[in-house]
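Report on the structure given below.
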Ligand SMILES: [Zn+2]
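In my numbering, the protein residues as written are 1 to 208.
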């Protein structure tokens, strides 16, 4: 389980969760500007089952491309990783139910994307020792949390009091309305502060 990447370089990592809102402009941005991102896809969001999180506002593209949208992101270089089937609070589930959520999601991603996920992010950041055990049996190598979240408007909500980016920070963003515009603001902000965007998989590979 890790929440940041050990490095002295001024580099941060962008991760994007769930998958309700599927704006084609965002895929173009990632592809054309070669922005390294890691996606944690949640089945019910991708397939637009149930109700999206209202906090992001009313979406224009909810479920628009289903898994095809994530195949486009894959083709733009973004790994598609595991974030459960239904977004439960895993701490409320026993080992077997947790395993169904994590392995079930890994199987769907394997089928739809063609690559088995090796990273897992627990919904809400809630996990316990059963989560880590279950994830390992589903082929997951690392469970990744985050150090800051990105709010609408590209505003960074830090978990540290001095409100500064740190080398190795992992930022959490959601697929939500206006993501392409918010993303532009965020990427510019990160560059202005002298940070680069890192390739998460390359850094994880280099970790001991
Ligand atoms: Zn989520």
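In this text, a Cβ means the ideal position worked out from N, Cα and C, and glycines have one as well.
The secondary-structure analysis by DSSP pairs residue 15 across a beta bridge with 38 and 172.
Cβ neighbours of residue 141 within its own chain (closer than 6 Å, five residues either side excluded): 118. Between the alpha carbons of residue 153 and residue 188 lies a distance of about 12 Å.
Counting only the Cα atoms, residue 12 lies some 9 Å from residue 4. By the neighbour-count criterion, in which a residue is buried when 16 or more other Cβ atoms sit within 10 angstroms of its Cβ, residue 42 is buried. Near ligand 1, meaning a Cβ closer than 6 Å to any of its heavy atoms, lie the following residues in chain order: 17, 18, 42, 83, 87 and 123.
Around residue 125, the same chain offers 145 and 146 as residues with beta carbons nearer than 8 Å, after the five sequence neighbours per side are excluded. By the criterion of a C-beta distance shorter than 7 Å, residue 7 is surrounded in its chain by 167, 168 and 203, once the five residues flanking it on both sides are discounted. Under the DSSP assignment, residue 155 falls in the beta strand (DSSP E) whose first and last residues are 155-158. About 10 Å separates the beta carbon of residue 35 from that of residue 16, a gap too long to meet the 8 Å contact definition.
When the beta-carbon positions are compared, residue 18 and residue 83 come within less than 8 Å of each other.
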